[in-house]
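Visitor: Quick one: the structure is below, and I'll ask about it shortly.
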Amino acid sequence: MTCESRRISAVELEPLGQLRDVVLVDGGIRLHDRVLVEDDATTIGCPEGAQDRSWFEPLVGGVRIRKVLVLDDDRARAAWLTWCGTESDGNQTPLHISVNGVEIVRPSTSQVHPQCLHYYTTEWGGSHFDNWFVTALPVGALQVGVNTIDMWCEAKGSTNDTPAWEIMIGADSERFRGSDPALPPVGRSAFSSDRGSTWDGDRLGRGDDLAGEYCVRLSLERHRPGGVFRSAVLDASCGNGQKTGEPCLHRHLTVNRCDITCDVDTPEGTRADLRVR
């Protein structure tokens, strides 16, 4: 009876494997270190039959929008607010953001990212479509549970026809198209035309006729609570020197015993489970 061993690196395993909430980094498979908090993914985009960009909310004088995002864990090494919308060509007007009462001012893209011409010019053809915007947040502004995010601008020249900023809305009417079964509405977005004195969650958009969610999200730098890596089928008849995924010359053999040993780093408070079938 002979005993053969074979060492397979994470770099070899990863291309043919299935990864859920894990990623290949520095030669090892680790938990993904980003968490996206959102509730609009199944609705985002132009609603069926919509016209005149009615699924956008122009931020004009007196208008504020509100988005509520719920966190079950507020720990993070860094945090960003990200939203889908547009910015007018040549815009110089900053966007005001409040997160649980902590106010942040996001300058115009021409000031903070002048190289990103597609955000605020037609030079690359992108400014009149929609883009994803990102701005850093103070981690201490976040809290477990409800997080209230308000957005507005103070430009007197910002109008419905030429808004300095506008935010996309994911319409609840699209939920049945975005997932099966459809996810229920969550009712975490609201609109105010009087600087936040009163709020309405059923009259969003240019025509005040949409119910849905503003496409506003949180991106957190922290490891996910768990993840799974499922490898491709490993051929036990392949010996040393055989690369994963390459065909083997199958030999007549009987496997009396097969052991698998993993090189795993488990920081305090974590664990790794191994299943073989």
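Numbering follows my numbering, in which position 62 of the sequence shown is assigned residue number 734; successive positions increment by one, without gaps.
C-beta: ideal position from N, C-alpha, C; glycine also.
All values derive from a computational prediction rather than experimental measurement.
What did DSSP end up calling E826 once you bin it into helix, strand or coil?
Guide: Sequence index remark: in the sequence shown, residue 826 carries index 154 (1-based). In the structure shown, E826 sits in coil (DSSP, three-state: anything other than H, G, I, E or B).
Visitor: Quick check on D745: does DSSP put it in helix, strand or coil?
Guide: Along the sequence shown, read from residue 1 onward, the residue named residue 745 stands at position 73. Three-state result, D745: coil.
Visitor: Decide yes or no for the touch test of the stretch 839-859 against the stretch 881-891: beta carbon pairs closer than 8 Å, at least 3 of them.
Guide: Touching, per the Cβ criterion.
Visitor: Beta-carbon within less than 8 Å of V683's beta-carbon, same chain only, minus the 5 sequence neighbours each way: which residues are those?
Guide: Along the sequence shown, read from residue 1 onward, the residue named residue 683 stands at position 11. Correct list, in chain order: L696 and G699.
Visitor: Would you mind reading off the limits of the alpha helix (DSSP H) that contains G850?
Guide: In the sequence shown, counting from the first residue as 1, residue 850 sits at position 178. Its alpha helix (DSSP H) spans residues R847 to G850.
Visitor: Measuring only the C-alpha atoms, how far is A748 from N928?
Guide: Taking the sequence shown and counting its residues from 1, the one referred to as residue 748 is at position 76. Taking the sequence shown and counting its residues from 1, the one referred to as residue 928 is at position 256. So the alpha carbons of these two residues sit roughly 48 Å apart.
Visitor: Between which two residues does the beta strand (DSSP E) harbouring A843 extend?
Guide: As a first step, residue 843 must be located in the sequence shown, where it is residue number 171. Counting along the chain, the beta strand (DSSP E) containing A843 begins and ends at W837 to A843.
Visitor: Comparing C-alpha positions only, which one of H895, A854 and T834 sits nearest to R878?
Guide: As a working mapping, residue 878 is identified with position 206 in the sequence shown. Closest option to R878, Cα to Cα, is T834.
Visitor: Just verifying my parser: in three-state terms, what is the DSSP assignment at V888?
Guide: Here the question's residue 888 lines up with position 216 in the sequence shown. Note: V888 maps to strand in three-state DSSP.
Visitor: Are at least three pairs of beta-carbons, each pair with one atom in the stretch 819-828 and one in the stretch 699-708, less than 8 Å apart?
Guide: Cβ pair count under 8 Å is below three, so no.
Visitor: I believe C934 touches L946 by the beta-carbon criterion, under 8 Å. Please report the beta-carbon distance rounded to the nearest angstrom.
Guide: If you number the sequence shown from 1, residue 934 lands on position 262. If you number the sequence shown from 1, residue 946 lands on position 274. 6 Å between Cβ atoms; contact.
Visitor: Can you say whether D866 is buried or exposed, counting buried as having 16 or more other CB atoms within 10 angstroms of its CB?
Guide: By 1-based counting over the sequence shown, the position of residue 866 is 194. With fewer than 16 other Cβ atoms within 10 Å, it is exposed.
Visitor: Do P730 and N803 have their beta-carbon atoms positioned less than 7 Å apart in this structure?
Guide: Along the sequence shown, one-based indexing puts residue 803 at 131. Along the sequence shown, one-based indexing puts residue 730 at 58. No, Cβ-Cβ distance for N803 and P730 is not below 7 Å.
Visitor: Leaving out the 5 sequence neighbours to the left and right, which residues in its chain are closer than 6 Å to G850 when beta-carbon positions are compared?
Guide: Reading the sequence shown from its first residue, position 178 is the one you call residue 850. Same-chain partners within the cutoff: T714 and T715.
Visitor: When you compare only the Cα positions, how much space is there between C873 and T820?
Guide: Counting from 1 along the sequence shown, the entry for residue 873 is found at position 201. Counting from 1 along the sequence shown, the entry for residue 820 is found at position 148. Before going on, a small fix: residue 873 reads as Gly here, not Cys. Whole-angstrom Cα-Cα distance: 14 Å.
Visitor: Let me check understanding here. Comparing Cα to Cα, which of L809, G717, V818 and Q764 lies closest to Y792?
Guide: Sequence index remark: in the sequence shown, residue 792 carries index 120 (1-based). The option with the nearest alpha carbon to Y792 is Q764.
Visitor: At what residues does the alpha helix (DSSP H) containing Q783 begin and finish?
Guide: Taking the first residue of the sequence shown as position 1, residue 783 is located at position 111. Note, Q783: alpha helix (DSSP H), T781 to V784.
Visitor: In chain order, what residues of the same chain have a beta carbon less than 7 Å from the beta carbon of G899, not counting five sequence neighbours either side?
Guide: To locate residue 899, count along the sequence shown from 1; it is residue 227. For G899, where only same-chain residues beyond five positions count, the Cβ hits under 7 Å are R692, D693, V694, L703 and H704.
Visitor: For a quick check, are the C-beta atoms of M823 and I776 less than 7 Å apart?
Guide: Position 151 of the sequence shown, counted from the first residue, corresponds to residue 823. Position 104 of the sequence shown, counted from the first residue, corresponds to residue 776. In this structure, I776 does not lie closer than 7 Å to M823 by Cβ.
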